[in-house]
Every structure is written in C-alpha cells, then in structure tokens.
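Sequences listed follow chains C and P, in order. Note that the first sequence covers residues 214 to 538 in my numbering. Note that the second sequence covers residues 20 to 405 in my numbering. Below is one structure; the comments refer to it alone.
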Amino acid sequence: MGTPASKRQAARKPDITGVALVPLAIFFLLALAFPFLPLGDLGAFLLQIGFFTLVAGIMALSWDILARSGQVSLAHAAFYGLGAYGYALLLKTGLVWSLAMPLAALGAGVVSLLVGAVTMRLSGMYFAIATLAFTEVVRTIIQNLPEDVAGGANGLLVPALLGGNSRGQYLLALLLLALTASVSLAVRTGRLHHAFAAIRQGEETARVLGVSTVRYKLAAFFISSFLAALAGVLYAGKTFFISPLDTFSLANSIAPLTTSIFGGLYTTLGPILGATVLRIAEEALHNVVKNGYLVVYGLVLMLSILWLPRGLMGLFRRGRHGGDL
Amino acid sequence: MKTLLLTGVLLAVSGAGAVKVGVLIPLSGAGSVSGQAAKNGYELALDEINKAGGVLGKPLEVVYGDDASAPAKAVPEFVKLVTVDKVDFMAGGVSSAVSVALSGPAKQYNTFMAWIGAAATPVEDAFADHKYFFHYHPWSYYNFEAILGFFKTLKDKQGAKNIAIAYEDGPFGSAGIDATVDAFKKAGFNVVLTEKFKTGSGNFGPLVSKAKAAKPDIMYWVGYDTDALPLATEIKQQNLKLGLIYGTPPSWPVGFEKNPLANDIAGLSLWLPTSPNKESAAFVAAYKKKFNNVTEEYFAPLAYVNLKSLAAAINKAGSVDKDKVAAELARINMPTPFGPLTFSKSLKTQYQGFKAGNWLHFQFLNDTRVPVYPANFSQKPVVWGK
C-alpha cells in the first residue's frame, strides 16, 4: 500500500519550525549570557573551557555539513591547519586580523575546491584515505617551507587574538559558531539539503535524477573547509603558537567525526550539543577520576554510541522522520 | 623521631595559609612518560621539604594539573590553578607548544613560573618579556652546543673530521637541520652525507650504503627510539667502520643497553642514575627508598630540583612576594644531580638555569650507559671505533 502523498511530502520537508528551533535558540542565549554570569572564582576557568568547546562545536558542525553529502572526510585537520597558518602568514604581511581571518578561511576553501575536484570520483573508504593523505601532504609542505616563512618544523608564533581578551575571544568564537549554525540551517532548508541527501543515499541515482553531483559535492567541501579554517584561526589566535605536528594532527580530523556522531549526524544542534556534553563530561571526569579518566571517558563514549546510534539528538527524535534541528 | 612527629603535628595544625605551588605537567597524552617521572620527582621533593619544616613555617602544598600535552587542555587547566585553586607559584611544564599557549594567561595573571621543560626556542620568544619566568631545562640550542663541543674534542683527540648526518623527516629530525650542517662546517668538519629517513620504516640499507661510500668518522643520527636497533643492525651487517655512532632520540628503546648491537653507541642526557656526583647518588637512593625502583628519566630529578630550589627561595625571601622570591631564586647557587644550579641570562630570557655544560654524553658499554664526557662527569674514556 502506498504512502499518501501528503505524508511523503511531510517526511521530505525539513522540520524547521519555530518549535524545532527553540532548543538551538536556548543554547545560543545561554552561551551568550555565560561570560556575564556571576561565577566568582570559577568564571575565568569556565570561560576558557567555553572557548575551546565553541571551537570544537564549529569543527564538528562544519564536518557534519560535508558528511550530509555522503563524504566522510579525514582532511578536517588540513583545513583547520590551513586556516591557522593562512591567518598567521597574512598577519605577518601586516594585514589586520579582521581581514586576515576571512581571507585565511577563503584560502582554505579554494584549496578544498582543488582537492575536491581531484577526489570527486572517490567515495566511502577511498575518499577518506585520499583526504587523510591530503592532510599529510599539506603538513609536509608547510613543514618544508623556509623557516623564516612558516617556522618549519619548529612552528610559528601567532599574535594574540583581540589582544588576549578572554571574554572578547569567547564572544568571537560564539559569533563564528552562530555563523556556522546559520549556514547549517540554510543548507538544511534550501535546495542543497535535497541534493546532499540524494547524493548521500546513492550518487548514481542522484545523477540519473538530474542532480549535478560534482557541483554539490564541491559546494559541501567548500562550505565545510571554510568553516573549519575559521576554527583554526580561533585556535591559533588563542594559543599563540602553531606547529605542523599539532595543527595537522589526526586528532583534529577524528574529533569532529566522533563529536558529530555522538551528538547526532546530519543535524545542526547535534554536533554543537555533542561538543558541549563531551567537553563538560571530560572536565567532570578529569576532576573526579584523577588517574585514568580517559579510560572512563572512552567507555562512556563507546556505550553512548552503542546505545544511542542516532546520537544525543536521537533522544529527542524517537519515532520521527528526519529530525531536523 | 619525636621531633619529627612534633614538627609534623605543628605543621598540620598551622596548615591554613600554606604556600601553594601549582604543578602543570602532562599526566596523560604524548608527554605522559616525562610527566609521570616529573610527578615522582615533585612528590619526593615535597616529602623532603615538609619533613624539613615546610615553607614559611607551614607545610608546602602542591596542586597538580594535567595539561594532557595539548594547548586546548592546558590553557583552562592553568587558569583553574591560578584563579580557582589560587596557587602562589606555578611549576612544571614539559611540552613547548603547551608552554607557548600558556604565555598569554601567564602574562595576564602575572604568574610566577618556575618551568622545567619546554626547550624549543619559540617558548623563549614567548616568555622573553615575562619578569617571573625561570627556565631550568637548557634551550634547544644548548643541546647542539653540547654536541658540537663533544665532537670538537673528538676532532682534537681522535682526528674525527667527517660527519654523516641521518635525520628523520618529521619535525623532530628536520627542525634546524640546515643550521646544524652549517655549524658543523663552521667548526671545521666535513659533512660528507646528509640523508633523511622515514622513522619506523626500518629500512636503512640504502642510507648505510651511501654512508659507506662517504667514509664518515661519526654517524650523527637524529631520530626516534624505533630507529635505533634497525640502524645499528644495518651498520653491523654492512660492516660500516665508524669512530662513533651518536644518536639523540628523546628516549632509547627499553632494554637497548642489553643488546650487543648497542655497544659503543653514544648519546646525550641531562642526567643518568650513574652520574658520579654526590647529589645524584643521594637522589637515586631517596628515589629508590620511596618508589622501590630507579628511574632513568631526567625529568624526575629536574622536577625534584625545581621544587626544592623554589621552596628554598621562598624561605629565604621570607614571604610569597613575587619580587622577593624572584630575587632570591635569581641568586641561588644550589648543588644538584645535574651540577650546580645558578640562573643567568640566555639569548632572550633573564633567568636560565642549566645550559650546554650540564649535558653529559654517554656510551652504551657493558650493558649500561656510562658517562664519557665532559671530564667532570666522565667515568670512562670514549671508546673510539677507528
């Protein structure tokens, strides 16, 4: 028996209603109020935790946007690093940070188009391996640039973002996370959503249906890389130092993947929630289980993924189609 | 015994207002081996300090933080120690990347830093203008200065002239390799081979063949522990005649000294349990008593010296006033397992503790590491293979 047309239509249509947006709005309101709360002695410490949580949120959500087109990338560290290095090198030319930041992200986006054009024919495991190799190539190139240009293997000092003002840095990271969430929602509600979903569910079929798969996959890659590079800029400006080994570390490619899965794939709130819960859990465990907290943290993560295959968002979407925050 | 007990009770009663030292070290992550060794060193020093009356008449308190060898974890942890735990002084520090990231909050909170590790020069740049930064570990350029000094002695005494350099292609091996070649040449050596390799590949056949053709006196190898045995095996198999194989891995393979292939291979360390000075022997004995083993990680005695010297400076200053403590620490002249600790200027920072002269060179001889240079640490003469 066929599904009535209205039901099918409802299943396909993104559920971005006012009610669905409420949790996201609450998150951002709380996050905005956070640095102004009277947290006493804990305030400065929690603000630092908050900053790195927001950066992890941008990384996870930007990775998720790419994953929606069926591309499981392990090149996120490369774009994160390109953003960080691009920003540092542009600052060295005398450019102001407010221009250096978008330009560095744009540079990473352009590189992603070139990489995307080469790897478009690949999918699944092959695509993942190609992106992993790309990260290694970028790391090697940066490391072998003359030391007076990019610091070589020793790394490069980066001027403090916003003069080292912690609250300012936090608010800037929140602004960029809001930008990432807006892009994610725009993708979710626009034509890109249908194209990405079609490609993810079967590239051949999507092509037969008239979807320009190359164009849409490149668009996903560009958006994702641009946003990951912004996260890299935030990191560089916060830690004052970037080196090929740390910045292009595989951990920077894996963390967004696990965070998105933990929070809930193909959603906007999921990766943000995932980053927040994981960082809070890690800090809490760290203070409770002084030695071996990483073992407990790993176990919690494994059990969560086993019991919540749709991530944290699965808790709110049981029995619903699509779940579309 | 009664006096000790009484001192302990008095110290416990007067616990309020005790001096607190925050120790930020990698207890997890990539640098955790050094971090755990450092923690043992701090624990041993803390026992001794408090048994001897504590600091300013109260037991010294140490609050540990785990930087997880990651700047993103270290910055919040540092801020927590300073603003939540309200420590009076900060100590620790192993990773360079982590330490640079801490330069921001350290300057923001004007934190007193007695720092044991972080030898890369960007750390020196980052803390150049911080008035309370005391750095114990030699900067990376002192490491090379020490190696060059040793090689110059080999040139004078053994006629060493030709050097082959084998370095891993990652950041550890590649950093500053051009400057290394230039420095050897400037010192009158012929660099007859400069060859990079992939660490862990285990294939040193082509590299050793090229070295054989280049006829070096010294094979200077910059790589990781995993490369030590394959390289030594290949050199043996191809019967490459060398005066000395000199390696600078961050750590040597476990049990390497027991392998006959390790015989005569030389390396660099800040300290060895066999170091012949009195303070080293006392440290080894105390460490063995507390932990029932002997460590070969120099971060253990380095942390021990770090806390002992800081506590001594606070006691001499008679308060936790940062300027007074800095003045006392700057004046310190303390016998340590590494030799005397004094602070003087480095290229960019005001207070540098150990320098090139504190490095010692050893050779694997008869199943153990034996200091062979400099003369004041040497237990046996260098075994030269040519």
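Positions of the beta carbon are idealized from the N, C-alpha and C atoms, including for glycine.
Listed as beta-bridge partners of M353/P by DSSP are L360/P. Between the C-alpha atoms of S517/C and A332/P there is a straight-line separation of about 50 Å. Selection L46/P, Y392/P, P157/P and P268/P evaluated against A247/P yields P268/P as nearest (Cα-Cα). The C-beta of A331/P comes no closer than 8 Å to any C-beta of chain C. Look at the beta carbons and you see the region 61–79 of chain P not touching the region 88–100 of chain P: under three pairs across the two are nearer than 8 Å. Annotation: Cβ neighbours of G377/C in chain P (cutoff 9 Å, chain order): G123, P124, K126 and Q127. DSSP places D85/P inside the beta strand (DSSP E), whose first and last residues are E80 to D85.
When the beta-carbon positions are compared, D277/C and S438/C stay at least 8 Å from each other. Take the alpha-carbon of L250/P and the one of A281/P: they are about 10 Å apart.
Comparing alpha-carbon positions, the option among D66/P, V119/P and G266/P lying closest to L369/C turns out to be V119/P.
The three-state secondary structure of V401/P, taken from DSSP, is coil. The beta-bridge partner set that DSSP reports for R388/P consists of F383/P. In the structure shown, T266/C adopts helical secondary structure according to DSSP, grouped into three states. The DSSP-derived three-state label of M109/P is strand. Using a Cβ distance threshold of 8 Å, V227/P and E253/P count as a contacting pair. Assignment of alpha helix (DSSP H) within the region 425–482 of chain C, counting only whole runs of 4 or more residues, yields 426–452, 457–460 and 464–476 in chain order.
At a cut-off of 8 Å between beta-carbon atoms, V94/P makes contact with chain C. The Cβ of G368/C sits closer than 8 Å to at least one Cβ of chain P. For L226/P, the three-state secondary structure derived from DSSP is helix. Here F529/C carries a coil assignment [DSSP, helix/strand/coil]. Exclusion of the five residues before and after V424/C leaves A408 and A411 as the residues of its chain whose Cβ lies within less than 6 Å of its Cβ. One thing to note: L304/C has its Cβ within 8 Å of the Cβ of A313/C. Remark: fewer than three beta-carbon pairs, one from each stretch, lie closer than 8 Å, so the region 468–488 of chain C and the region 127–143 of chain P are not flagged as touching. Identification of residues in the region 455–488 of chain C having a C-beta nearer than 8 Å to some C-beta of chain P yields S456, P457, L458 and D459, given in sequence order.
DSSP places V235/C in the helix class (H, G or I) of the three-state scheme. Around the C-beta of F258/C, 16 or more other C-beta atoms lie within 10 Å, and the residue is accordingly described as buried. P393/P places its beta carbon 8 Å or farther from that of P356/P. Under the three-state reduction of DSSP output, T393/C falls in the helix class. Taking a cut-off of 8 Å on C-beta distances, the region 491–511 of chain C does not touch the region 287–296 of chain C, as fewer than three cross pairs fall below it. According to DSSP, K77/P shares a beta bridge with V74/P. When the beta-carbon positions are compared, N367/C and A233/P stay at least 8 Å from each other. Straight-line measurement puts the Cα of G445/C at about 39 Å from the Cα of W290/P. Shown here, I355/C sits in a helix according to DSSP, grouped into three states.
The C-beta distance from Y383/C to F264/C rounds to 5 Å, short enough to meet the 8 Å contact threshold. Put simply, the CB of D246/P is far from chain C, with every gap to its CB atoms at 8 Å or more. For the region 237–258 of chain C, the set of residues with a beta-carbon nearer than 7 Å to any beta-carbon of chain P comprises D254, L255, A257 and F258, in chain order.
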